[in-house]
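Following: one structure in structure tokens, then a few remarks.
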Amino acid sequence: MTIQHQARKRFGQNFLVDQHIIGQIITAIGPSADDNLIEIGPGTAAITEHLIKRCPSMKVVELDRDLVSFLTEKFADYPDFSIFSGDALKTDFSQFHKGRQMRLVGNLPYNISTPILFHLLKNRTLIKDMHFMLQREVVDRLSAAPGNKTYGRLSIMVQYHCRVMPLIPVPPSAFRPEPKVQSAIVRLKPHSTKPCVAENEELLSQIVSLGFQQRRKTLRNGIRAYAEHLVGVDEIVDLSRRAEQLSVAEFVALSNYVNQSILSKK
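First residue of the sequence shown: 1, per UniProt numbering; consecutive thereafter.
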């Protein structure tokens, strides 16, 4: 079954059509029958039709109602295939867990890819791994190291929670319509044991955000809202540097120092 579906700009739709790239993606995911597999934004089923052969009980989340109808008809012979019609940003993914670690895949709309990533990380302890098609620039930011110009809040917060593995570059010609940007497949695997642990993850997020709001300032100036809690911190972290020069571990150490200072003053 084929579909003649006009890609909708408001949904950020660009449909993958390159069979060679699709084959590489399926190999990278390595789906199996006992996986708890959920695909976000299956679109015209370019990936789905390969995944479902190996994992007939997979689930998909699709916003476009026309595509929901298409998918329902296309996979009618798979009784364990489930379609959830709705916005991934508003979907409670914990409902899919049911005692089995989730494997998430998807071609994420470029305009909302970062919010979706942060939304999914709320359920990181329930997730085995994630394989996503993203704008190449976003993948570069996810995997960036300290000192790199693309290193920022997204890099730190995702690396804190996950191992980030860029996998497959994908050119615009692999899609219809062709996007104006390069794409890439990335694997995100939540840490079973974090390399470093923040005592207060919300505080870590706040400090990282403040640090990168004014990238050219030293970190001491960038997080001056916490000035009273920074006395003596230079023995642990050098705040004369800019935020982009600190590793994830250093940001965690900084947030833990501030957290202890806040607790001691209560």
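Idealized CB from N, CA, C, for every residue including glycine.
Member of 124, 224, 36 whose CA lies at the smallest distance from the CA of residue 100: 36
Beta-carbon gap between residue 177 and residue 14 smaller than 8 Å: Going by C-beta atoms, residue 177 is nearer than 8 Å to residue 14.
Cβ contact check for the segment 115 to 135 and the segment 173 to 190: 3 or more pairs under 8 Å: yes
Cβ-Cβ separation, residue 105 to residue 83 (assumed contact under 8 Å), whole Å: The beta-carbon separation of residue 83 and residue 105, rounded to 15 Å, does not stay under the 8 Å limit for a contact.
Cβ-Cβ distance between residue 142 and residue 170 below 8 Å: It is not a contact, given that the beta carbons lie outside the stated cut-off.
Residue range of the unbroken beta strand (DSSP E) whose run includes residue 135: 127 to 135
Segment contact flag, the segment 242 to 256 with the segment 216 to 229, C-beta cutoff 8 Å, min 3 pairs: In short, these stretches touch, since the Cβ pair count reaches three.
Three-way DSSP call (helix, strand, coil) for residue 88 in this model: helix
Among 20, 55, 22, 27, the one whose alpha carbon lies nearest that of residue 33: 55
beta-carbon residue 123 near the ligand FAD non-hydrogen atom, thresh 7 Å: The ligand FAD is absent from the structure shown, which contains no ligands of any kind.
Burial state of residue 173, where buried means 16 or more other Cβ atoms lie within 10 Å: exposed
Through-space distance from residue 138 to residue 222, alpha-carbon basis: 24 Å
Rounded Cβ spacing between residue 92 and residue 63 (contact assumed at less than 8 Å): Wrong, their Cβ atoms sit about 15 Å apart, outside the cutoff.
Length-filtered (3 minimum) beta strand (DSSP E) runs lying within the segment 68 to 112: 82 to 85, 102 to 107
Meets three-Cβ-pair contact criterion under 8 Å: the segment 246 to 259 and the segment 191 to 206: Enough Cβ pairs lie closer than 8 Å, so yes.
Pairwise C-alpha distance: residue 180 and residue 132: Counting only the Cα atoms, residue 180 lies some 18 Å from residue 132.
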